[in-house]
Amino acid sequence: MEEVYPAEGAPIYHKRIGPGRLCRHSYPIPIVSARISDKTSIIFQNMLSFKAPLWFVSLAAVVSTASAAQTFGLYAYGENVGGLPLYYVDGSAVVSPKTPENGTDVAPVVFNKDSDNELIGNPNTTSTASAPAFTDASLFVPSADSSDKEMGFTSDPSSNQVTNKFVWYGNFLLVENDSGEYTSLFSVKKSSSHDEDGSYDLYWNVTDSDEEVIAISMRSVAPSNA
Numbered sequence: 066m067e068e069v070y071p072a073e074g075a076p077i078y079h080k081r082i083g084p085g086r087l088c089r090h091s092y093p094i095p096i097v098s099a100r101i102s103d104k105t106s107i108i109f110q111n112m113l114s115f116k117a118p119l120w121f122v123s124l125a126a127v128v129s130t131a132s133a134a135q136t137f138g139l140y141a142y143g144e145n146v147g148g149l150p151l152y153y154v155d156g157s158a159v160v161s162p163k164t165p166e167n168g169t170d171v172a173p174v175v176f177n178k179d180s181d182n183e184l185i186g187n188p189n190t191t192s193t194a195s196a197p198a199f200t201d202a203s204l205f206v207p208s209a210d211s212s213d214k215e216m217g218f219t220s221d222p223s224s225n226q227v228t229n230k231f232v233w234y235g236n237f238l239l240v241e242n243d244s245g246e247y248t249s250l251f252s253v254k255k256s257s258s259h260d261e262d263g264s265y266d267l268y269w270n271v272t273d274s275d276e277e278v279i280a281i282s283m284r285s286v287a288p289s290n291a
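Read in order, the letters of the sequence shown are residues 66 to 291 in the working numbering.
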């Protein structure tokens, strides 16, 4: 196992541990990497602490395609983003401290994990007065060659929308990339359409240097003050 502390703002290319592949990150926080098998490596960031590294214990047993809970919500954690819940907003994935405004179909989402590694979302009807008009919507991340990096929900994924690569490290959500690496490349940016309510749009694998983009982790555990 190798612990890496990148220079402030500098991209980091991890050395292989055995035959594991490389994965690039550019976040100024502790990153650790470890190989699960000759073909698969895991690259993971400790989004919750800028000082203490996240150590891995029995990775092959902990990383799995099964959620710890049968149904669950998702929450964004990062710098100044303290466990904001994920909302469906007219097909977009938005995290917000309260119900986002200026949307037609808006609701916090409760998920089920299916056998194809998809996250199937439905309205959390215990948190809404009326059920929005969406059911069984799959959360997606953009594919590697997609120019649009914004995440969202779909019932009919296109070739640029990846819905079946979600895996778990404990309660942390990861995505398996085309090289077989498990990655956490989530980020948020202040929503232009909901900026007055503190909402952020959810993104995946943003590679430009936009200062408004905040690196986050996505977890299935709500903050303690929720």
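Every residue gets a Cβ at the ideal spot worked out from N, C-alpha and C, and that includes glycine.
Assigned secondary structure, residue i (DSSP; H/G/I helix, E/B strand, else coil)
{"i": "Thr-272", "result": "coil"}
{"i": "Asp-266", "result": "strand"}
{"i": "Glu-241", "result": "strand"}
{"i": "Glu-246", "result": "coil"}
{"i": "Glu-37", "result": "Given that the chain is displayed from residue 66 to residue 291, the structure contains no residue 37 and the question cannot be resolved."}
{"i": "Lys-255", "result": "strand"}
{"i": "Leu-113", "result": "Residue placement at Leu-113 is flagged as unreliable, the pLDDT there being 36, under the threshold of 50; the coordinate-derived value follows with that caveat. Three-state result, Leu-113: coil."}
{"i": "Ala-198", "result": "coil"}
{"i": "Gly-235", "result": "coil"}
{"i": "Leu-139", "result": "coil"}
Residue interval of the beta strand (DSSP E) (run including residue i)
{"i": "Met-283", "result": "279 to 284"}
{"i": "Asn-187", "result": "184 to 188"}
{"i": "Pro-173", "result": "171 to 178"}
{"i": "Ser-289", "result": "Segment: none, Ser-289 is in no beta strand (DSSP E) and carries neither H nor E."}
{"i": "Ala-202", "result": "202 to 207"}
{"i": "Ser-157", "result": "157 to 160"}
{"i": "Thr-191", "result": "Careful: Thr-191 lies outside any beta strand (DSSP E) and carries neither H nor E."}
{"i": "Gly-217", "result": "217 to 219"}
{"i": "Gly-148", "result": "146 to 154"}
Distance between residue j and residue i (C-alpha atoms, nearest Å)
{"i": "Asp-213", "j": "Gln-226", "result": "10 angstroms"}
{"i": "Val-159", "j": "Asn-177", "result": "18 angstroms"}
{"i": "Phe-237", "j": "Val-146", "result": "16 angstroms"}
{"i": "Asp-179", "j": "Pro-165", "result": "28 angstroms"}
C-beta contact flag for residue i and residue j at 8 angstroms
{"i": "Gly-217", "j": "Ser-157", "result": "yes"}
{"i": "Val-286", "j": "Leu-267", "result": "no"}
{"i": "Val-171", "j": "Tyr-152", "result": "yes"}
{"i": "Leu-250", "j": "Thr-228", "result": "no"}
{"i": "Gly-263", "j": "Pro-162", "result": "yes"}
{"i": "Gly-143", "j": "Val-154", "result": "no"}
{"i": "Asn-182", "j": "Phe-231", "result": "yes"}
### Query
When the Cβ atoms of the segment 277 to 288 are set against those of the segment 178 to 190, are three or more pairs found closer than 8 angstroms?
No, the segment 277 to 288 does not touch the segment 178 to 190.
### Task
Count the C-beta pairs between the segment 215 to 222 and the segment 238 to 245 that are closer than 8 angstroms, then say yes if the count reaches three, no if not.
no
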